[in-house]
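Let me begin by presenting the structure, written as structure tokens, before commenting on it.
Laid out in structure tokens, this is it:
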């Protein structure tokens with residue numbers, strides 16, 4: 170209240186002081202009546218008696234009247250001064266009342282303004298609270314939707330994972346069954362191939378055995394090879410005894426009757442271990458081959474390929490391999506000789522089993538041929554589709570990674586280009602490295618012209634506007650080849666990097682790692698590599714600049730893709746709205 174009354178008090182004091190000053194001024198400047206005496210009249214002359222009529226009494230009467238007039242004038246002036254003071258006081262009082270009214274009006278206006286602002290603040294706080302509540306409600310609904318969608322996705326992924334696992338288990342079981350069948354078929358095929366190879370080699374073997382006068386028996390192991398080297402045949406009998414060049418005749422009746430190339434005598438040698446007649450004891454036999462000696466005078470070469478033909482009571486098998494001089498003795502095969510009373514039955518059973526297996530195999534192969542062909546075609550189509558998908562995904566991933574790497578390197582590249590005052594365009598190739606060596610950027614245009622330090626400005630519009638570290642000037646160099654916008658020729662461009670010079674005074678080290686960043690009409694690509702001084706020029710990247718028609722087609726495709734994405738988002742929003750409406754109906 171004191172602060173509100175203070176201006177009123179000041180105004181009142183100012184008005185009173187002003188009125189007082191006006192009254193004082195009026196008193197001081199008022200015109201007093203003065204006595205006018207005619208010239209020639211003086212008080213001294215009036216006192217003299219000159220014998221003329223006396224004016225003293227007349228003068229006194231005049232003075233008295235003048236005094237009365239003066240008194241009345243002064244009284245009038247006093248009255249007028251008082252009236253002026255009263256009028257000034259009245260004016261001051263009016264001004265004070267007016268100021269008080271203005272102060273009251275201002276105080277009322279301020280009070281109304283304060284109430285209005287308080288009301289506005291209350292409404293604003295209430296609106297803000299309502300907005301926050303709505304945002305919290307929307308956020309809660311959004312989180313609930315995301316949680317529901319996440320649960321649905323997790324359930325769907327779990328179901329798909331279970332189905333995939335079941336399918337994988339079924340496929341694994343089918344593959345295992347197929348693998349066992351293939352192993353069985355491969356084993357049978359191997360036996361048949363071994364018998365066929367043995368039969369094919371029998372004529373050559375028989376010719377060599379006849380040449381050496383070798384014996385034959387129902388159990389016989391023969392070794393053949395095709396040079397002057399000395400290979401040795403070793404056979405371990407069921408008793409553990411070893412038949413070889415140092416023990417040619419064994420206690421189990423086995424005999425090494427042919428031992429070839431102790432001296433380099435023939436280029437078609439043969440060695441033979443045989444049990445005459447039916448004297449071979451039953452059991453497991455192991456066959457080894459040893460590269461004993463390489464006859465240098467004959468200039469025989471290694472490795473030496475060989476063949477083993479085994480006659481196991483009429484069952485011929487062929488095995489092959491190769492050895493080099495110095496290799497350890499090698500186990501080639503092992504086989505079981507049956508009991509004598511079982512040999513006929515085993516031979517008959519083996520023949521029947523072989524015929525049965527061959528018949529079953531033939532029937533199975535015929536039955537599975539069409540199915541396998543259909544499966545193979547389907548698998549080939551699926552594999553091709555998967556391969557194309559994987560190639561596309563790998564290509565997209567590689568492009569995304571390259572674009573991301575290029576964007577990560579763009580800040581550093583831009584700093585270096587700005588430092589060198591380099592130009593920019595819609596087709597631009599930049600080379601960066603991080604030492605004082607001199608690397609050169611080469612760009613091969615579609616016309617075949619090469620842009621490099623010796624041909625900085627090409628006829629195809631490209632220009633090498635920055636050529637760094639001709640002298641070892643900076644540790645963060647950059648080179649730049651650029652085409653002005655819409656001047657690059659469409660076609661295939663190749664980018665090469667050459668390690669031109671290693672500045673030894675700067676003690677830089679090799680290999681020098683570098684980055685090539687390509688701006689192909691907005692597509693940012695990044696390539697890494699390293700070079701050492703003396704390495705040949707290296708092809709780092711190649712890319713195709715599209716024609717104007719291809720650019721327009723690409724822009725149109727991107728526009729359509731964005732429209733499809735927008736329509737899909739709109740459809741998803743509508744679907745989510747229908748789901749929410751349905752859930753609200755269910756809650757109701």
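Numbering (the working numbering), first residue to last: 170 to 757. Think of the CB as a built atom: it goes at the ideal place given N, C-alpha and C, for glycine as much as any other residue.
Here DSSP, grouped into helix, strand and coil, assigns residue 539 to helix. Assigned with DSSP and collapsed to three states, residue 551 falls in helix. Secondary structure remark: continuous beta strand (DSSP E) runs of at least 3 residues inside the region 430 to 472, in chain order: 439 to 444 and 452 to 462. Counting the other Cβ atoms within 10 Å of the Cβ of residue 506 gives 16 or more, which makes it buried. Residue 388 places its beta carbon less than 8 Å from that of residue 480.
For residue 710, the uninterrupted beta strand (DSSP E) segment begins and ends at 707 to 714. Counting along the chain, residue 498 sits inside no beta strand (DSSP E), nor does DSSP assign it H or E at all. Closest in C-alpha terms to residue 702, from the list 668, 717 and 683, comes 668. For residue 487, the enclosing beta strand (DSSP E) stretches over residues 484 to 492. Here the alpha carbons of residue 402 and residue 396 stand approximately 15 Å from one another. In the DSSP assignment, residue 634 falls within the unbroken beta strand (DSSP E) covering 632 to 635. Each residue's CA atom was taken as its position, placing residue 333 and residue 324 some 14 Å apart. Remark: C-beta atoms of residue 664 and residue 710 approach each other more closely than 8 Å. Taking residue 660 as the centre and dropping the five residues before and after it, the same chain places the C-beta of 615 closer than 6 Å to its C-beta, in chain order. In the three-state reduction of the DSSP assignment, residue 195 falls in the helix class. Taking 8 Å as the upper bound for CB-CB distance, residue 650 and residue 700 are not in contact here, some 18 Å apart. Between residue 628 and the set 613, 641 and 438, the nearest pair of CA atoms involves 613.
In terms of Cβ geometry, residue 713 and residue 697 do not form a close pair [threshold 8 Å]. In this chain, residue 397 is not harboured by any beta strand (DSSP E), its DSSP state being neither H nor E.
Under the rule that a run must span 4 or more residues, no alpha helix (DSSP H) segment is found entirely inside the region 623 to 677. In the structure shown, residue 274 falls within a helical segment according to DSSP collapsed to helix, strand and coil. For residue 609, the uninterrupted beta strand (DSSP E) run begins and ends at 607 to 613, by DSSP. The beta carbons of residue 427 and residue 381 sit closer together than 8 Å.
Of all alpha-carbon atoms in 536, 688 and 176, the one lying nearest the alpha-carbon of residue 272 is that of 176. Annotation: the continuous beta strand (DSSP E) that includes residue 596 extends over 596 to 602. DSSP, read as helix, strand or coil, puts residue 362 in helix. The beta carbon of residue 414 lies closer than 6 Å to those of 401 and 428 in the same chain, with the five residues before and after it left out.
The C-alpha of residue 295 lies about 16 Å from the C-alpha of residue 284. C-alpha of residue 489 to C-alpha of residue 436: approximately 18 Å in a straight line. Between residue 456 and residue 390, the CB-CB gap stays under 8 Å. The alpha helix (DSSP H) runs lying completely inside the region 677 to 702 and spanning 4 residues or more number zero. In this structure, the alpha-carbon of residue 331 lies about 30 Å from that of residue 564. Contact between residue 188 and residue 261 holds: CB atoms are separated by about 5 Å, below the 8 Å threshold. Inclusion of residue 504 and residue 491 in the CB contact set at 8 Å is not warranted, their separation being larger than that value.
Residue 426: member of the beta strand (DSSP E) spanning 424 to 427, first to last residue.
Counting the other CB atoms within 10 Å of its CB gives residue 408 a total below 16, which places it among the exposed residues.
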